[in-house]
Amino acid sequence: MVKHDRTGRQHRQWLEEARKYQKRGDLEGMLSALLRLPPPLREELLPSAAALFRQSVREQHRRGAWRTLNTLAVRVDAEPGLVERDVAPEEAWATYWPLVWAAGRARDWERARRLWQPLIGPARAHAPLLAGAMDDWLSSEGNAAPERIAPALERLPPVDPLLGIEPPSQRVSLPPPRSLEEVEGALLALCALEPFPVFASRTEAWARAAPAEVARAIWALAGQLAARELWLRAAEGEGRAALSESASLLARAVREGGAPEALSTPTVQALRVVAAGLARTVVSRIEDTEPLCTLAQAAALQPSARPWVVQAVSGLRFEGAALPRALGLYQELLARVASAPLWARAILAWCERNPEAPNAPGWLQEGLGRLIATEASSLLSWLGGAVPSERLELIECVASTCTPDLVESWVDACWEGANEELRRELSEAIRILLDRSRMKQGGRQLERLLRGMRNMEDAEQMLMGLEGAMEQLSSSMKLTGDGLRIWRRFAPRVLTYQVEFLEEAVRQASSDAEAWDAAVRYLEAHPGNTGHIEALRTMELSDREALARRVLERWLERRAANVLALAEAVVAAGRMNTPCKYLHPVLEAFMQALSKQLPALQAPVVEQAQALAHEHGYRLRKRRASRKKKDASTTVRRASRAKKKPTAEGAAPPKESERSPPKAVSPEEGEESS
């Protein structure tokens with residue numbers, strides 16, 4: 009039940025985000041939210057997203073932006089409708105073609121082969137030689153034999169001499185360095201003569217072939233040159249995607265070179281540059297995430313830079329397409345350092361990425377265990393300073409996906425130093441644990457019932473009968489095993505925070521005295537009308553009618569002769585659909601108090617209470633005069649008749665003190681008097 013509610017809420021949030029980005033024309037933001045939805049929920053926005061997607065593919069292909077096209081290829085691999093929805097086959101083929109090449113250029117051969125599948129049929133029908141060459145290129149992962157490609161190249165039209173012929177460029181073939189003395193000159197020359205992608209690939213090849221000592225020197229200098237390239241590109245205002253190449257080479261230099269001290273400062277500075285370029289602290293784009301995570305992982309290899317990296321990453325929130333890459337970063341950082349803010353960000357990101365997963369991964373649960381053992385106070389500090397919505401989401405996620413023992417230890421560690429508001433929220437974790445225990449027990453019982461079914465008709469009939477009562481069965485099921493142990497451990501602490509705990513305490517009570525003690529504790533914490541009504545209904549549902557009457561008496565005693573308090577009690581009881589056998593005594597007490605108060609109190613809540621009383625047949629009527637007063641008045645009337653002195657017109661009415669106050673009449677009394 010908890011998982012279902014959380015999943016539905018998350019789906020609605022993603023759908024709203026997708027609509028928002030659609031209105032802005034932001035394709036990346038729209039796809040980040042849209043592709044997290046299950047396929048049936050995508051249908052509303054998929055046609056408009058597909059049109060925007062195909063337009064973006066055409067623009068990026070015209071610019072030669074192969075890295076961006078590879079990102080779009082990842083999207084199509086997850087949702088082919090982005091290419092095929094509401095479009096002619098020819099346009100869909102034209103969209104698939106650059107995406108296949110983009111995936112191949114990125115050496116993502118599995119994805120390239122999948123994207124090639126829709127093109128196989130038309131390619132073989134219209135260009136069989138090209139189709140064969142593409143098949144060989146993809147199956148060999150870019151290493152097709154020349155004789156397999158030659159037939160397709162021979163069919164190309166001859167070059168038009170009017171267009172001119174570009175002369176081949178003269179490139180100097182630089183020899184790789186063989187000693188420490190040759191490293192600096194060779195790398196600086198390579199960086200000056202070749203484009204950066206060529207420099208990066210040639211540097212990696214040199215380092216693989218060089219001796220260990222020379223390779224470390226190559227990586228150290230290559231990392232510094234990569235950091236310089238990143239700073240230059242950032243200063244020129246190039247996009248986030250342009251920073252990925254230099255960030256990737258710098259990070260690899262740190263890892264392959266054994267995290268040399270010479271690269272510690274350049275790596276942290278590069279990470280600062282990338283982080284400072286973010287528009288806000290919420291990261292959702294792949295092109296923003298990749299350089300950031302790559303550099304953070306590299307910088308964290310240096311113990312001196314690790315605290316700053318953890319603090320910087322903890323201050324960011326990843327969402328959408330950035331989540332898979334961010335989770336890898338979280339996992340690597342948490343393996344190196346125990347940090348409550350970082351762990352909280354990690355589990356919130358994992359829950360957003362996997363809203364239906366039943367169990368959190370081991371690295372998250374192990375991270376929480378280490379924090380409980382060594383940094384329990386930091387867990388409490390994060391909870392106390394977090395935004396309420398994030399705090400509640402984290403409590404729900406931990407209680408729903410971590411092992412019960414771990415959740416119990418976590419609640420224990422945070423309980424003592426928590427304020428009342430936080431304790432109330434932590435009690436939700438205990439409620440979820442109890443629900444998990446009940447659902448587990450209910451699942452076992454249902455499994456035993458299904459095993460006893462003779463055929464599918466018996467099973468269907470049984471399930472139809474249980475479907476409507478499943479929620480009630482879950483709430484009324486007795487706790488056993490771990491659930492009972494959890495309840496006995498936490499009941500004294502959580503009893504007063506939720507009515508569900510009062511219900512469980514009454515169910516577990518072995519006597520009326522024990523149940524009454526639990527009710528008194530709850531009422532002391534909730535002295536208002538809602539608390540009394542909840543306690544009253546709890547006793548009623550537990551078949552403890554005598555205790556329900558005691559709750560009713562306690563409720564009315566504390567409001568006796570107070571018209572305003574009784575009116576509020578009447579309105580609350582009506583709003584919460586209190587059974588009539590408990591509502592009517594409250595109505596009667598209110599009407600009696602109202603009848604004794606002159607002049608009548610005028611307040612909206614009193615008027616609402618009177619209206620409810622009239623609906624249930626309660627009304628006010630004047631009291632009849634007493635017998636003595638009646639005899640005296642009769643004598644006076646007779647004497648006045650004897651004297652034949654009629655009352656003068658305009659005589660004063662009797663004094664207010666001589667009048668009798670109105671009296672409350674119940675429905676039963678009204679029937680008897682009539």
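Numbering-wise (my numbering), the sequence shown opens with residue 9 and increments by one. From the three backbone atoms N, C-alpha and C, an ideal C-beta is built for every residue, glycine too.
For residue i, three-class secondary structure by DSSP
i	result
Val-345	coil
Arg-515	helix
Arg-439	helix
Arg-333	helix
Arg-496	helix
Val-290	strand
Arg-93	coil
Arg-325	strand
Arg-20	helix
Arg-627	strand
Ala-313	coil
Tyr-505	coil
Ser-397	helix
Met-38	helix
Pro-166	coil
Asp-420	helix
Asn-362	coil
Cys-405	helix
Gly-129	helix
Buried versus exposed call for residue i [16 or more other C-beta atoms within 10 Å across all chains shown]
i	result
Val-290	exposed
Asn-427	exposed
Ile-403	buried
Asn-537	buried
Leu-201	exposed
Gly-265	buried
Asp-413	exposed
Arg-552	buried
His-592	buried
Val-395	exposed
Gly-370	exposed
Given residue i as reference, the closest of the options once Cα atoms are compared
i	options	result
Thr-76	Pro-106, Leu-309, Asp-144 and Ala-228	Pro-106
Leu-564	Met-547, Thr-546, Glu-548 and Ile-541	Ile-541
Trp-239	Val-281, Glu-221 and Gly-265	Val-281
Leu-54	His-69, Glu-190, Leu-35 and Val-613	Leu-35
Val-345	Glu-596, Ala-308, Gly-323 and Ala-368	Ala-308
Leu-372	Cys-359, Thr-382, Pro-205 and Glu-553	Cys-359
Arg-122	Leu-138, Ala-141, Val-82 and Ala-158	Val-82
Arg-163	Leu-286, Ala-139 and Gly-150	Ala-139
Ala-225	Gly-129, Ile-294, Ala-577 and Val-191	Val-191
Cys-405	Glu-364, Ala-242 and Gly-377	Glu-364
Thr-586	Ala-568, His-624 and Leu-572	His-624
Arg-293	Arg-325, Ala-320 and Leu-271	Arg-325
Cys-422	Pro-311, Gly-392, Glu-67 and Pro-166	Gly-392
Ile-380	Ser-408, Ala-348, Leu-356 and Asn-367	Ala-348
Ala-230	Ala-259, Arg-241 and Glu-244	Ala-259
Arg-558	Arg-27, Ser-408, Val-528 and Ala-568	Val-528
Asn-367	Leu-23, Met-38 and Thr-409	Thr-409
Residue-chain proximity (residue i, chain D), Cβ-Cβ < 9 Å
i	result
Lys-31	This model lacks chain D altogether; it includes just one protein chain.
Proximal residues to residue i (C-beta, below 8 Å), its chain only, five neighbours per side dropped
i	result
Tyr-590	Leu-544, Glu-548, Ala-556, Leu-560 and Ala-581
Ala-131	Leu-138, Ala-139 and Met-142
Thr-382	Ala-346
Arg-119	Ala-81, Val-82, Asp-85 and Ala-111
Same chain, Cβ closer than 6 Å to residue i, neighbours up to 5 away in sequence not counted
i	result
Arg-361	Leu-331
Arg-93	Leu-54, Pro-55 and Ala-58
Ala-660	With a pLDDT of only 48 at Ala-660, under the threshold of 50, the placement of this residue in the model should not be trusted; the figure read from the coordinates follows. Excluding positions up to five away in sequence, the list is empty.
Met-584	Ile-541
Gly-16	none
Glu-508	Arg-439
For residue j and residue i, believed in contact at Cβ under 8 Å, the rounded distance
i	j	result
Ala-111	Asn-78	6 Å
Trp-495	Leu-442	6 Å
Thr-275	Ala-242	With 8 Å as the limit, Thr-275 and Ala-242 do not qualify as a contact, their Cβ atoms being about 14 Å apart.
Leu-198	Leu-182	6 Å
Val-321	Leu-335	About 12 Å; that fails the 8 Å criterion.
Arg-283	Gln-310	As written in the sequence, residue 283 is Ala, which differs from the Arg given in the question. About 17 Å; that fails the 8 Å criterion.
Gly-150	Arg-115	7 Å
Cut-off 7 Å between Cβ atoms - residues of its own chain near residue i, not counting five sequence neighbours on either side
i	result
Arg-433	Note that residue 433 is Glu in the sequence shown here, rather than Arg. Arg-399, Leu-400 and Ile-403.
Glu-253	Phe-204, Pro-205 and Ala-208
Ser-256	Thr-302
Pro-654	Per-residue confidence for Pro-654 stands at a pLDDT of 47, beneath the threshold of 50, marking its modelled position as unreliable; no derived number is given.
beta-carbon residue i near the ligand HEM non-hydrogen atom, thresh 8 Å
i	result
Gln-339	In the structure on display, the ligand HEM does not appear, and there are no ligands present to speak of.
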